[in-house]
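A.B. asks: Mind looking over this structure? Questions follow.
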Amino acid sequence: MIFSPEQWEASSLEDVLALVEQGLGWGCVPEEIALQRQDLGFLKIIQSDLINAGVSIAVDIVELEGAEHGPVHKFFTGLYM
Numbered sequence: 001m002i003f004s005p006e007q008w009e010a011s012s013l014e015d016v017l018a019l020v021e022q023g024l025g026w027g028c029v030p031e032e033i034a035l036q037r038q039d040l041g042f043l044k045i046i047q048s049d050l051i052n053a054g055v056s057i058a059v060d061i062v063e064l065e066g067a068e069h070g071p072v073h074k075f076f077t078g079l080y081m
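According to the UniProt record's numbering, the stretch in the sequence shown is residues 1 to 81, in order.
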């Protein structure tokens, strides 16, 4: 995890959720995870125009060498590689 006065970087969704649930800021997580955490009372989902504002969100692709690639992998690699 990397900290700066303006931005936190985390290496996993669990770290992101822990920071947000402790009230240290906001995060972008998959909707399914956000809904589960909201149902448990840990998160409040806010609506934002960031998705439509052209803001870039980093996505890491981790793959098993030699594994067959599915549609999600093909979608992301088609966009960014």
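We put the beta carbon where it would ideally sit given N, CA and C, even for glycine.
(1) So, with DSSP's three-state summary, where would you put E9?
(2) Within 10 Å of its beta-carbon, does V72 have 16 or more other beta-carbons around it, so buried, or fewer, so exposed?
(3) Indicate the three-state DSSP secondary structure (helix, strand or coil) for A18 in the structure shown.
(4) DSSP state of V29, grouped into three classes?
(5) I need the DSSP call for F75, collapsed to helix, strand or coil.
C.D. replies: A quick look at the data gives this:
(1) Locating residue 9 in the sequence shown gives position 9, where the first residue counts as 1. Looking at E9 - three-state DSSP - the assignment turns out to be strand.
(2) Working through the sequence shown from its first residue, we reach residue 72 at position 72. V72 should be labelled exposed.
(3) Your numbering for residue 18 matches position 18 in the sequence shown. Of the three classes helix, strand and coil, the one that applies to A18 here is helix, per DSSP.
(4) For the purposes of this step, residue 29 is taken as residue 29 along the sequence shown, with counting starting at 1. Of the three classes helix, strand and coil, the one that applies to V29 here is coil, per DSSP.
(5) Along the sequence shown, read from residue 1 onward, the residue named residue 75 stands at position 75. Reduced to three states, the DSSP call for F75 is helix.
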